[in-house]
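Have a look at the structure below, then the notes.
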DNA sequence: GCCATAAAAGCACGACCGTTCGGCCGCCGC
DNA sequence: GCGGCGGCCGAACGGTCGTGCTTTTATGGC
């Protein structure tokens, strides 16, 4: 890895951290340069524009998400355990991956009405995650861990809701029981999907 | 209502709309002045600082929330119907109250790490809403519509999750079935709370 | 150890930021 | 009908924004 490449990685690391505190839009070249001990122009030389920087920050975070959430998840046993693994890692990702809030959650509400490459990248990442999640849940159905009438997309929707509620309670309200509540909600969600030899 | 007061209301209306598009932090005096056809200084004269403006925008939106969600809700019959009314109005508030996203959701992730009056006001509003919601759910328990072992705070947490998932799916992903999914999730949540003469 | 090249710095730009201040205009009570 | 005053404006402040240049400094292959 050349010098330029390594500084760029360092920049993106710092940018991710900063963006989690002030938002992807609140991120400025000046403060980022100060944080990385570079001059504004020295830093800027690594990117074509601010928008390009923002997009690359998202991609950088996405790579990390793949490493610490997705990859270990698919290593877990198929079916419900894998769903559980995903949930566990997702929750802990939100708590530990950033100094501030999860940049995907933050950026989602910041850019949901602002057309552009940032929004596009955000949608791409979300669609990707949703697709993987749906697949994992579908497997839990085909393995017989979940009932046949469980709709994976609906399950994914509700799971995302729990994770968002967790983020909200934890970051804004500083609710110490946020994680415990999330786990309870998850258990309730899963329980409702188990085949209890009840109906057809 | 004096002249100054009416212009101030007009400013706050426009500011709410604008903030729902670009975020409360993305709101600038210049663009807001242009939108209201006032000069920067003429507009600024109504507020002590930008932070004060942001806080008052939140309070303004909170008043509207009280009018179109809270007040009609408490007019509904006690118990489950009232819970349902709250949910319905909350969902439709998110869809119709703003041109962009719900400013409370947007601002929550934008300011969750930025100490100050804006964050304080945000927490105050959320705590208020959560308290009312918990009360409403508690009533559904004491009315016998929900089981005795239903935890109102946990219910409120999960309900908030559904609403957040709805906002996310609708605004970022532009999922046309977002509302339908939210309703299904809500029904599942309520169903799980009904007394089915099952256990102790 | 030299030299081509990559990386970072220095400097400057136009635009816009939040904020202040002095002054103009039209509405009110007298 | 005149004086005072609230409401709004124009101009300007020091700063910071994103973005270009041109120059200096560091790096790595020979």
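Chains as they are written, first to last, in my numbering: chain Z, 1 to 200; chain S, 201 to 400. Just so it is clear, CB atoms sit at the ideal spot from N, CA and C, and this is done for glycine as well. These numbers come from a predicted model, not from an experiment.
A direct Cα-Cα distance of roughly 7 Å separates residue 246(S) from residue 208(S).
Counting only Cβ-Cβ distances below 7 Å, residue 164(Z) has contacts in chain S at 361, 364, 365 and 368, in chain order. The residues 106 and 110, in chain order, have a CB closer than 6 Å to that of residue 23(Z) in the same chain once the five nearest residues on each side in sequence are set aside.
Going by beta carbons, residue 392(S) and residue 162(Z) fall outside the 8 Å limit. At a beta-carbon threshold of 9 Å, the residues of chain Z lying near residue 388(S) are 154, 158, 189 and 192, ordered along the chain.
Secondary structure note for residue 162(Z): its alpha helix (DSSP H) is the uninterrupted segment 152-171.
Across the structure, residue 213(S) and residue 260(S) are spaced so that their CA atoms are roughly 8 Å apart. For residue 291(S), the closest C-alpha among the options 206(S), 216(S), 270(S) and 230(S) is that of 270(S).
Taking 7 Å as the cut-off between beta carbons, the residues of the segment 169-181 of chain Z near chain S are 169, 171, 172, 173 and 181, in sequence order. Your pair residue 33(Z) and residue 43(Z) checks out as a contact, with CB atoms roughly 5 Å apart and the cut at 8 Å. Close CB contacts of residue 258(S) within its chain, under the 8 Å cut and outside five residues either way in sequence, are with 224, 303, 304, 307, 318, 321, 322 and 325 (chain order). Contact of residue 310(S) with chain Z by beta-carbon distance below 8 Å involves 23, 26, 106, 109 and 110. If you ignore the 5 residues before and after residue 280(S), its C-beta comes within less than 6 Å of the C-beta of 340 and 345, all in its own chain and listed in chain order. When C-beta atoms of the segment 175-189 of chain Z are compared with those of the segment 367-379 of chain S, fewer than three pairs fall below 8 Å, so the two segments do not count as touching. At a Cβ-Cβ threshold of 8 Å, residue 286(S) and residue 333(S) count as neighbours.
Residues of chain S whose Cβ lies closer than 9 Å to the Cβ of residue 144(Z) do not exist, since the nearest Cβ in that chain is about 21 Å away. Collapsing the DSSP output to three states places residue 396(S) in coil.
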